[in-house]
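Asker: Mind looking over this structure? Questions follow.
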Amino acid sequence: MAGKIRIRAQLDGDTCEVKALMRHPMETGLRKNQAGDAIPAHYIEEVTVTHNDQVVMHSYWGAAVSANPFLGVRFAGGQAGDTVKVMWRDNTGATDEGETTIR
Amino acid sequence: MKKRVAHLLMLASLAGTGLTQADSLPEALGSSFEAINHVDMGRLQRDPLQEFCSKPRGQAGDSAMESALRDEAMASVVFPEGDDFIGDWARGAEVANNGRGLQYSDDPEAPNGGNCYACHQLDPTEVAYGNLGPSLMGYGARGQSEVMLRYTWTKLWNTHAYNVCSHMPRFGALGILTEQQLKDLMAYLFDPDSPVNQSIE
Amino acid sequence: MGLMESIRNTRWLSALFGLLIAAAPSSGEDAGIFDEYRAMFGDDNPAIFVIDEGEEYWLEPQGPKNTSLEDCDLGLGPGVVEGAYARLPRYFADVDKVMDVEARLIFCMGELQGRPSAEIEGYPYSMRGDLGTEIEALVAWLADQSSGMPIAPGQEHVKEREFFTLGEQLFYYRAGPHDFSCATCHGQQDKRIRLQSLPDLTSHEGAAASYSAWPAYRISEGIVRTMGWRMRDCFRQQRFPLLGVGSDVTVALQTYLAVTAAGAPMMAPGLKR
Amino acid sequence: MKRESGAGIARRGLLRMGIFVAAVAAVPTKLWATITKPSAAFAATDMDGTFAALGQTPAESAGIIFTTPDIAENGAVVPIKIEVDESLLPGVRRLYVMVEKNPNPMAAMFSMIEGTRPYVETRVKVAQTCNLYAVAETDSGFYMASKETKVTLGGCGG
């Protein structure tokens, strides 16, 4: 069963376009639930994109990235059939990763 | 556990099974809704005006009934003492922008809003306005006479005095807004300093 | 299970990058000022996660009977899910009632899994901070199983026709401290509240654009909302009391809408404000 | 009933624990040494503080093509796209997204390696109508482009 990241990696000339959708609430810690209690901060802090296990993009996020985050990045040097992975780690230490092959 | 209004229960028990669809309406309402927070099942009961205005589009209402309802609406209007119509436009702007009040998710202690922007254009710099009602931009230029003030107060208090089955809430007659809030809205509409009456360059 | 996996993979790919293009944000409703904003969303819809979760719930043994919902009859026979959503609401002889998808799911959870209906009815829709409920996930998956199929609610049985009439009456039912009915906001063309476009649900085009796109991923909330939730929340804004999940009023209104929208293809889960 | 009750989903989450650690281990140490979280910049509460934490107020640059909607239907999800014209602004190492009036303006920081296009697309929360900033950190310093996005009130107002 796949993880909760959806990835598409497509070649456009010599550039590989990666689009990823992640399943995460991205709670800021500033919202309250209906009962008036604060909803704890819960957000992705770190996201890495790799191409054949080499990092092409690394990012740090704050809680201002929207829920169920979308990320689009582009890199050169990809070939059809290569592996692209997207990994995240959130502020609770939970992680997820997804992978696809370049089309 | 559902709290139902006695009136609806009574109608429902009278309806029983196998009756026509019209009889099943109160039964469906009584079994489908439940009281929550400060919102009780009495909200589902209609007054004669609401019942008259619940006809599907295209169905004409009885004209005698319509004029009776119009007269009743006109008679319901309470004008402010000394015809002192104009309050504070800045507070009126808050009332016009506030869409809360009387929903079960709202704080019953907080003031209700008029939610004017949901349906009307007012301040020309506010882009997020609805169009269910006519634009009221530059309203003050329509005139500042006593007649105009009384007409506008009446529209806010009970719109059905001029237009039976208008979509607009009866802000005064049903106590959605206080007299002071209505005066503040009047100022928002009429005061030459109100943003409603500023022209956009 | 290998076949299952490959079907699943094909489906999400086509859904994520193909079919859902048709269900761009607030599909069919006048966009105007938000065209640029909506265009930037492209073709991705996070509902795809929820669809998968719905299938997992469907297959997962639960409740005192430790049974899955795989034998649930949504109107086309036990376990038949493809196209079932598009045929709802409909009359079910086993309960002698017209039901929508939520009422039927809760019935199946009781019958097949032995779960008390109060458990589901008390918390059918996500609250703030939730990632989704079981009902929302199941409905998203079931709607996806009807994607592209024409809306065709039952209208053969007398009770189905009665519910259409009841739904029409409810649509125009003005009550509460603001005198609102459904028709107050949804009875005319090209209207909006603030900047939010209001579909004219009395017209086929308006009803079709709206009905076909629910359930929908709501970008404002980050979750999938169902048509049952849409009804409940409209009534909250109408200043009415709390509308029960799967209740006669919600089923009747959905029947009125679905019949008005009949023939248009389902395009849910959609993407909404 | 909350969806966390889905035992199958919860189990899968547990299985995935630790994968990130393994993947990170495969990354060249040299690269990771250059990437530390600019915590002060993420904690800053206004634009001046954010720029101060980065060490420089960026200069305006036409080389940064920053796309955000003029008006957003919902502030919870505002799509943004940053693209750098490398003929005007070469040597981009990092891209930052900032939202002027958020409690913490810094939303995200993206580090590129050689071969990665200076390009990022994501969605951010915008608490109220304000300027959004796209900042590029290059071999020769910080540059920026900014654009206002209006956040509108929603439907029935409650």
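Residue numbers (the numbering used here), protein chains in the order written: chain A, 1 to 103; chain B, 1 to 201; chain C, 1 to 273; chain D, 1 to 158. Cβ atoms here follow ideal geometry from the backbone N, Cα and C, with glycine treated the same way. Note that the coordinates shown come from a computational prediction; the quantities given were computed from them, not determined experimentally.
Taking only beta-carbon positions, decide if Ile39/A is within less than 8 angstroms of chain C.
Answerer: yes
Asker: Specify the secondary structure class of Thr159/B as computed by DSSP and reduced to three states.
Answerer: helix
Asker: To the nearest angstrom, how far is it from the Cα of Glu102/C to the Cα of Ile135/C?
Answerer: Each residue's alpha carbon lies about 7 angstroms from the other.
Asker: Whole angstroms is fine: what's the gap from Leu88/C's alpha carbon to Ser146/D's?
Answerer: 49 angstroms
Asker: Quick one: give me the first and last residue of the beta strand (DSSP E) that Thr226/C is part of.
Answerer: Run containing Thr226/C: none; DSSP gives neither H nor E here.
Asker: Less than 8 angstroms separating the beta-carbons of Gly274/C and Asp200/C?
Answerer: A query on residue 274/C cannot be resolved here, the shown segment of chain C reaching from 1 to 273 and no further.
Asker: Sorted by chain position, which residues of the same chain lie with C-beta nearer than 8 angstroms to Ile193/C's C-beta, five sequence neighbours on each side aside?
Answerer: Cys185
Asker: Within 10 Å of its beta-carbon, does Ala213/C have 16 or more other beta-carbons around it, so buried, or fewer, so exposed?
Answerer: buried
Asker: What does the Cβ neighbour count give for Arg142/B, buried or exposed, with the cut at 16 atoms within 10 Å?
Answerer: exposed
Asker: Whose CA, out of Ile151/C, Ala118/C, Pro61/C and Leu142/C, lies closest to the CA of Leu112/C?
Answerer: For Leu112/C, the closest alpha carbon among the candidates Ile151/C, Ala118/C, Pro61/C and Leu142/C is that of Pro61/C.
Asker: So what does Asp90/A bridge to, in DSSP terms?
Answerer: Ile44/A
Asker: Using alpha carbons as the reference points, say which of Cys53/B, Ala75/B, Asp184/B and Ala60/B lies closest to Ser181/C.
Answerer: Taking only the C-alpha atoms, the option nearest Ser181/C is Cys53/B.
Asker: Hey, how far is the Cα of Val92/D from the Cα of Ile64/D?
Answerer: 10 angstroms
Asker: Just to confirm, are Asp96/C and Ser32/B a CB contact at a threshold of 8 angstroms?
Answerer: Contact flag unset, no.
Asker: Below 8 angstroms between beta carbons: does that hold for Leu185/B and Gly133/B?
Answerer: no
Asker: So with Cβ pairs under 8 angstroms, would you call Leu31/D a contact of chain A?
Answerer: Model confidence at Leu31/D stands at a pLDDT of 48, short of 50, so the residue's coordinates are unreliable; what they give is reported in the following sentence. By this cut-off, Leu31/D is an interface position.
Asker: Can you tell which of Gly62/A, Val47/A, Met22/A and Arg23/A has the C-alpha that lies nearest to the C-alpha of Ala41/A?
Answerer: Gly62/A
Asker: In three-state DSSP terms, what is Asn131/D?
Answerer: strand
Asker: I need the DSSP call for Thr138/D, collapsed to helix, strand or coil.
Answerer: strand
Asker: Check for me: the alpha helix (DSSP H) holding Thr184/C runs from which residue to which?
Answerer: That run of the alpha helix (DSSP H) goes Cys182 to His186.
Asker: Between Ile219/C and Asn131/D, what straight-line distance do the alpha-carbon atoms span, to the nearest angstrom?
Answerer: 21 angstroms
Asker: Name, going along the chain, the residues of the segment 67 to 89 of chain C whose beta-carbon falls closer than 9 angstroms to a beta-carbon of chain B.
Answerer: Cβ contacts with chain B: none found.
Asker: Using beta-carbon positions only, say whether Ser203/C and Gln189/C come within less than 8 angstroms of one another.
Answerer: Yes, these two residues count as a Cβ contact at 8 angstroms.
Asker: For Glu168/C, which residues in the same chain have their Cβ closer than 7 angstroms to its Cβ, ignoring the five residues on either side in sequence?
Answerer: For Glu168/C, same chain residues with a beta-carbon under 7 angstroms away, outside a window of 5 residues either side, are Tyr256 in chain order.
Asker: When the Cα atoms are used, what is the spatial distance from Gly28/C to Gly206/C?
Answerer: Confidence in Gly28/C is poor, its pLDDT being 38 and thus under 50, which makes the residue's placement unreliable; the coordinate value appears in the next sentence. Using only the alpha carbons, I get a separation of about 8 angstroms.
Asker: Go to Asp96/A, then tell me how far its beta strand (DSSP E) extends in each direction, as first and last residue.
Answerer: It spans Thr95 to Thr101 - the beta strand (DSSP E) in which Asp96/A sits, taken as one unbroken run.
Asker: Can you confirm whether Met41/B, when its beta carbon is compared against all beta carbons of chain C, has any partner nearer than 8 angstroms?
Answerer: yes
Asker: By the 10 Å Cβ neighbour count, where 16 or more other Cβ atoms means buried, how is Arg94/D classified, buried or exposed?
Answerer: So Arg94/D counts as buried.
Asker: Please go through the same chain and pick out, in chain order, the residues whose beta-carbon is closer than 7 angstroms to the beta-carbon of Tyr117/B, but skip the five residues on each side of it.
Answerer: Ala96, Asn97, Glu126, Ala128, Tyr129 and Gly130
Asker: So is Phe65/A buried or exposed if we call it buried at 16+ other beta carbons inside 10 Å?
Answerer: Here residue 65/A turns out to be Val, not Phe, going by the sequence shown. That one is buried.
Asker: Under 8 angstroms Cβ-Cβ, which residues of chain D neighbour Pro25/A?
Answerer: Within 8 angstroms Cβ-Cβ: nothing; Pro25/A doesn't reach chain D, min ~11 angstroms.
Asker: Does His51/A come out as helix, strand or coil in the three-state DSSP assignment?
Answerer: Three-state result, His51/A: strand.
Asker: Is there contact here, the segment 164 to 172 of chain B with the segment 99 to 107 of chain B, by at least three beta-carbon pairs under 8 angstroms?
Answerer: no
Asker: Closest by CA to Gly93/A, which one among Tyr43/A, Asp37/A and Gly36/A?
Answerer: The option with the nearest alpha carbon to Gly93/A is Tyr43/A.
Asker: With 8 angstroms as the threshold, decide whether the Cβ of His38/B is near any Cβ in chain C.
Answerer: Using a CB distance cut-off of 8 angstroms, His38/B does not count as an interface residue toward chain C.
Asker: Per DSSP, which residues does Pro289/C bridge with? Please list them.
Answerer: Examination of residue 289/C is not possible in this model, given that chain C is present from 1 through 273 alone.
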